[in-house]
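Engineer: This is the structure I want to talk about, given as structure tokens.
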Ligand code: GLN
Ligand code: ZN
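Numbering (full-length UniProt numbering), first residue to last: 23 to 806.
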């Protein structure tokens with residue numbers, strides 16, 4: 023670790039002030055916490071399991087922080103963030119800072135420790151966790167603050183100051199980062215029992231005194247800059263919400279005097295009104311903008327930027343894994359320099375690097391050429407600095423030229439471009455793709471063949487993934503067992519799952535997906551244009567990380583992907599067996615996507631590959647095909663004005679996959695969220711024959727759409743029980759649920775199924791739960 027290196031604070035400052043010309047103006051918005059090999063994940067989980075002490079966890083964390091700070095200092099970064107580390111989530115850290123602990127966690131004042139903190143994050147034996155939700159349009163999830171008029175705010179976590187001091191003691195001057203007061207409130211929800219109409223912003227006056235205390239303490243500790251993250255400024259805010267920013271920063275102005283204040287925004291353009299508000303804030307020294315996703319922001323800046331203020335230009339993408347096009351960024355930066363002045367431009371990342379992978383150095387298995395196109399967090403830090411140096415007239419020629427070579431190779435590489443695919447995808451644009459017959463006629467044709475009872479039962483796809491199964495897949499991948507042995511093991515598993523479903527008397531079967539580790543990776547591995555990393559983890563929530571595939575080139579399907587297993591499974595039963603695919607939008611939204619063409623184009627390419635698969639399944643005699651679009655909603659843009667465009671190409675992509683099948687082939691889709699009231703018309707427009715959706719955690723929400731009169735003519739299976747919990751629902755409970763659905767949906771379109779796939783559950787839970795589910799369906803069939 024850094025602590026063991028013979029670097030005194032004097033030594034470092036000598037390094038940093040020894041440059042012949044002016045200091046390079048470089049800044050990093052935030053950095054991943056997990057560590058290059060997920061060190062924090064393992065330390066957290068071991069602590070939670072009682073296998074290691076709080077000291078052990080703190081030690082690992084301190085080492086991670088110091089190595090990150092040192093890495094940035096060594097790279098030459100001028101504005102290095104602190105307090106972007108978290109044991110769980112930065113919004114929860116802010117809740118702790120403000121002492122806004124919901125009473126059920128039994129906090130009695132004092133500095134908030136691991137006990138209370140992790141209880142809020144994960145629940146404890148007697149109290150469930152606080153709610154978690156997606157951080158803007160990322161795959162990161164934050165803990166939603168629960169606030170109301172009763173909350174007594176107090177300064178209860180000194181983490182920001184402690185981390186600032188910790189870095190300082192290592193000889194590194196940092197910019198403490200804090201979630202801004204207005205964004206904090208806008209990201210909160212009213213606590214239970216508090217009226218929905220309660221204005222969270224009315225609490226501004228209550229939290230600002232704590233912010234003032236924090237600022238005062240940071241100043242006393244020697245901070246010269248402070249960064250407030252106010253990303254909500256990129257959302258659609260009304261004038262009342264915008265006024266809250268003006269109010270908050272006027273209120274803080276006197277406390278902030280003597281400090282340089284950076285207000286950081288990210289993830290999208292700052293709308294014109296918000297830009298006006300932001301750039302008129304009192305007491306602010308600089309503004310940070312995402313210029314990767316914020317091309318309109320660039321125009322706003324060109325149209326007028328307050329003189330004497332710093333512009334933190336986020337030109338290095340924090341949301342992706344691609345190496346920066348340095349030459350093109352430098353052009354942008356030079357143009358900006360002409361507007362804001364040489365000494366007021368700071369090169370930065372588009373957002374926190376939290377949303378990208380950590381360090382490319384650990385990718386030993388990646389193809390060399392592809393690797394040259396990539397930059398993870400550690401490499402992005404170097405890019406930011408190289409750009410800042412180039413602006414200051416100290417261009418690192420070797421670095422720029424190898425970057426240019428990589429950019430050129432990416433543009434011309436035959437592994438990126440597949441002319442046929444490009445042509446086929448381009449031909450799709452502007453035209454419509456729909457099945458020829460309408461859904462009710464199709465359902466009739468399908469029913470003639472399928473002969474299903476009313477309230478047909480099915481499951482979503484996966485069955486429990488046992489240790490044995492995981493081992494078999496792992497050993498096959500590592501070539502420790504032969505293909506023959508592998509096929510035998512998987513075949514046995516499928517046969518077991520088929521028999522079980524027949525015993526349970528389920529109507530439409532699944533093969534259980536034992537050959538898949540992940541619903542996107544499984545397809546990505548078989549499609550051209552995808553690459554996989556070994557350590558490219560990104561934090562999703564708490565200690566959980568995901569490892570998205572990288573889509574680097576035109577996507578095509580060299581050969582059938584699922585036909586072997588699906589037709590084998592179909593051959594084991596007389597009942598219909600669902601072919602099981604992941605849809606193009608979900609594959610796109612759960613990958614790192616190429617940035618050299620519009621996302622829609624990549625999505626169309628994946629759609630064509632899945633279309634081939636659908637048609638091959640149909641040819642092989644599979645008559646029911648499920649195309650999961652679990653992540654369709656996740657791709658929804660942050661701003662209302664952009665939603666229609668996204669939904670249009672996303673839904674179009676889905677339809678492309680199955681527009682060519684016969685009327686008698688039944689297309690299912692599945693979605694993992696129930697809050698789709700706002701996108702219901704797009705869902706109808708997907709034109710699937712049957713949709714199964716998560717529902718049981720928020721019954722009323724979903725059904726209310728239909729109660730309000732939306733006509734849904736296709737088959738629909740709102741989940742009748744929650745698969746995220748080990749709890750086994752009773753027959754009565756499920757029957758009750760179905761009855762509630764029957765009150766708003768026609769009995770001839772209703773399906774009976776769980777919320778989602780069963781892969782995380784145990785057979786001891788799945789068997790009785792499904793048995794009760796089938797019993798409930800049969801009970802109601804008699805009553806209809
Ligand atoms: N077919 C997948 C499964 O059952 C769907 C998973 C999902 O929707 N997340 O596992
Ligand atoms: Zn699901």
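No residue lacks a Cβ here, since even glycine has one placed at the ideal position from N, Cα and C.
(1) Quick check on DSSP: helix, strand or coil for residue 26?
(2) Would you list the one or two residues that DSSP bridges to residue 648?
(3) With respect to 8 Å, is the separation between the Cβ of residue 652 and the closest non-hydrogen atom of the ligand GLN below this value?
(4) Taking its Cβ as the centre, do 16 or more other Cβ atoms sit within 10 Å of residue 747, making it buried, or is it exposed?
(5) Measuring straight from C-alpha to C-alpha, what distance separates residue 758 and residue 129?
(6) Report all residues from its chain with a CB closer than 7 Å to the CB of residue 448; omit the five preceding and five following residues, and keep chain order.
(7) Can you tell me whether residue 785 is buried or exposed, with buried defined as 16 or more other CB within 10 angstroms of its CB?
(8) Sort out for me which residues DSSP pairs residue 287 with in a bridge.
(9) With a 10 Å radius around its C-beta and 16 neighbouring C-beta atoms as the bar for buried, classify residue 506 as buried or exposed.
(10) DSSP state of residue 416, grouped into three classes?
(11) Going by Cα to Cα distance, which pick from 259, 275, 279, 282 is closest to residue 297?
(12) Look at residue 644 and residue 592 and say whether their C-beta atoms are less than 9 Å apart.
(13) Kindly indicate the opening and closing residues of the alpha helix (DSSP H) around residue 466.
(14) Buried or exposed for residue 620, please, with buried defined as at least 16 other CB atoms from any protein chain shown within 10 angstroms of its CB.
(15) Using three-state DSSP, classify residue 309 as helix, strand or coil.
(16) Count the other CB atoms within 10 Å of the CB of residue 667; is the residue buried (16 or more) or exposed (fewer)?
(17) Return the residue from the list 148, 152, 118 that minimises the CA-CA distance to residue 136.
(18) With distances taken from CA atoms, which of 252, 309, 424, 791 is nearest residue 523?
(19) Shortest alpha-carbon distance to residue 654 belongs to which of 702, 680, 618?
(20) Determine the DSSP secondary structure at residue 566, reduced to helix, strand or coil.
(21) Are at least three pairs of beta-carbons, each pair with one atom in the region 364 to 379 and one in the region 328 to 340, less than 8 Å apart?
(22) Taking only runs of the beta strand (DSSP E) that begin and end inside the region 325 to 361, which ones reach a length of at least 3 residues, in chain order?
(23) When you compare only the Cα positions, how much space is there between residue 277 and residue 104?
(24) Which residue or residues does DSSP assign as beta-bridge partners of residue 168?
(25) Are residue 439 and residue 575 touching if we call contact CB-CB under 9 Å?
(26) So is residue 580 buried or exposed if we call it buried at 16+ other beta carbons inside 10 Å?
(27) Hey, residue 597 and residue 531 are a contact pair by Cβ (cut 8 Å); roughly how many whole angstroms apart?
(28) Is there contact here, the region 377 to 396 with the region 553 to 571, by at least three beta-carbon pairs under 8 Å?
(29) At which residue ranges does the region 218 to 268 contain complete alpha helix (DSSP H) runs of 4 or more residues, listed in the order of the chain?
(30) Indicate whether the contact test is met: 3 or more Cβ pairs, each with one atom in the region 383 to 399 and one in the region 415 to 433, closer than 8 Å.
(31) Using DSSP with H/G/I as helix, E/B as strand and the rest coil, what is residue 708?
(32) Please confirm whether residue 300 and residue 292 have their CB atoms less than 9 Å apart.
(33) Considering Cα atoms alone, identify which of 215, 231, 476 is closest to residue 772.
(34) Could you tell me the distance, in whole angstroms, from the CA atom of residue 526 to the CA atom of residue 659?
(35) Over the uninterrupted beta strand (DSSP E) stretch that includes residue 104, give me the two end residues.
(36) Using the three-state DSSP reduction, which class does residue 553 fall into: helix, strand or coil?
Structural biologist: The relevant details are as follows:
(1) Residue 26 sits at position 4 when you count from the first residue of the chain shown. Residue placement at residue 26 is poorly supported in this model, since its pLDDT is 40, which falls under 50; the coordinates are not used for a value here.
(2) For the purposes of this step, residue 648 is taken as the residue at position 626 of the chain shown. 602, 690, per the DSSP bridge assignment.
(3) The count along the chain shown starts at 1 and reaches residue 652 at position 630. Yes, since a heavy atom of the ligand GLN falls inside the 8 Å radius drawn around the Cβ of residue 652.
(4) Within the chain shown, residue 747 is the residue found at index 725, counting from 1. Exposed, by the Cβ-count rule.
(5) Translated into the one-based positions of the chain shown, residue 758 becomes position 736. Translated into the one-based positions of the chain shown, residue 129 becomes position 107. Taking the straight line from one Cα to the other gives about 39 Å.
(6) For this step, residue 448 is matched to residue 426 along the chain shown. Excluding positions up to five away in sequence, the list is empty.
(7) Against the chain shown, residue 785 aligns to sequence position 763. Exposed.
(8) The residue given as residue 287 occupies position 265 in the chain shown. Residue 287 pairs with nothing; no bridge assigned.
(9) Sequence index remark: in the chain shown, residue 506 carries index 484 (1-based). Exposed, by the Cβ-count rule.
(10) Here residue 416 corresponds to residue number 394 of the chain shown, with the count starting at 1. It is coil, neither helix nor strand.
(11) One-based indexing of the chain shown puts residue 297 at position 275. Among 259, 275, 279, 282, the Cα nearest to that of residue 297 is on 259.
(12) The residue labelled residue 644 in the question sits at position 622 within the chain shown. The residue labelled residue 592 in the question sits at position 570 within the chain shown. A contact, by the Cβ cut-off of 9 Å.
(13) In the chain shown, residue 466 corresponds to position 444, counting from 1. Note, residue 466: alpha helix (DSSP H), 461 to 472.
(14) Translated into positions along the chain shown, residue 620 becomes position 598. Residue 620 comes out exposed.
(15) Numbered from its first residue, the chain shown carries residue 309 at position 287. Looking at residue 309 - three-state DSSP - the assignment turns out to be strand.
(16) Residue 667 sits at position 645 when you count from the first residue of the chain shown. The residue in question, residue 667, is exposed, as its Cβ has fewer than 16 Cβ neighbours within 10 Å.
(17) Taking the chain shown and counting its residues from 1, one reaches residue 136 at position 114. The option with the nearest alpha carbon to residue 136 is 118.
(18) As a position in the chain shown, residue 523 is number 501, starting the count at 1. The residue with the shortest Cα to Cα distance from residue 523 is 791.
(19) The sequence position of residue 654 within the chain shown is 632, counting from 1. Per the Cα distances, 702.
(20) Taking the chain shown and counting its residues from 1, the one referred to as residue 566 is at position 544. Here residue 566 sits in strand by DSSP.
(21) yes
(22) 332 to 338
(23) Here residue 277 corresponds to residue number 255 of the chain shown, with the count starting at 1. Here residue 104 corresponds to residue number 82 of the chain shown, with the count starting at 1. Cα-Cα distance, rounded: 20 Å.
(24) As a working note, residue 168 is residue 146 in the chain shown. BP columns for residue 168 point to 211.
(25) Working through the chain shown from its first residue, we reach residue 439 at position 417. Working through the chain shown from its first residue, we reach residue 575 at position 553. Result yes, Cβ atoms of residue 439 and residue 575 sit closer than 9 Å.
(26) Here residue 580 refers to the residue found at position 558 of the chain shown. With fewer than 16 other Cβ atoms within 10 Å, it is exposed.
(27) Taking the first residue of the chain shown as 1, we reach residue 597 at position 575. Taking the first residue of the chain shown as 1, we reach residue 531 at position 509. With 8 Å as the limit, residue 597 and residue 531 qualify as a contact, their Cβ atoms being about 5 Å apart.
(28) yes
(29) 226 to 242
(30) yes
(31) The residue labelled residue 708 in the question sits at position 686 within the chain shown. Three-state result, residue 708: coil.
(32) Residue numbering aside, residue 300 sits at position 278 when the chain shown is read from its first letter. Residue numbering aside, residue 292 sits at position 270 when the chain shown is read from its first letter. Yes. Within cutoff.
(33) As a working note, residue 772 is residue 750 in the chain shown. Nearest C-alpha to residue 772: 476.
(34) As a working mapping, residue 526 is identified with position 504 in the chain shown. As a working mapping, residue 659 is identified with position 637 in the chain shown. Approximately 42 Å, taken between the alpha carbons.
(35) As a first step, residue 104 must be located in the chain shown, where it is residue number 82. Its beta strand (DSSP E) spans residues 102 to 104.
(36) Here residue 553 is taken as the residue at index 531 of the chain shown, counted from 1. Here residue 553 sits in strand by DSSP.
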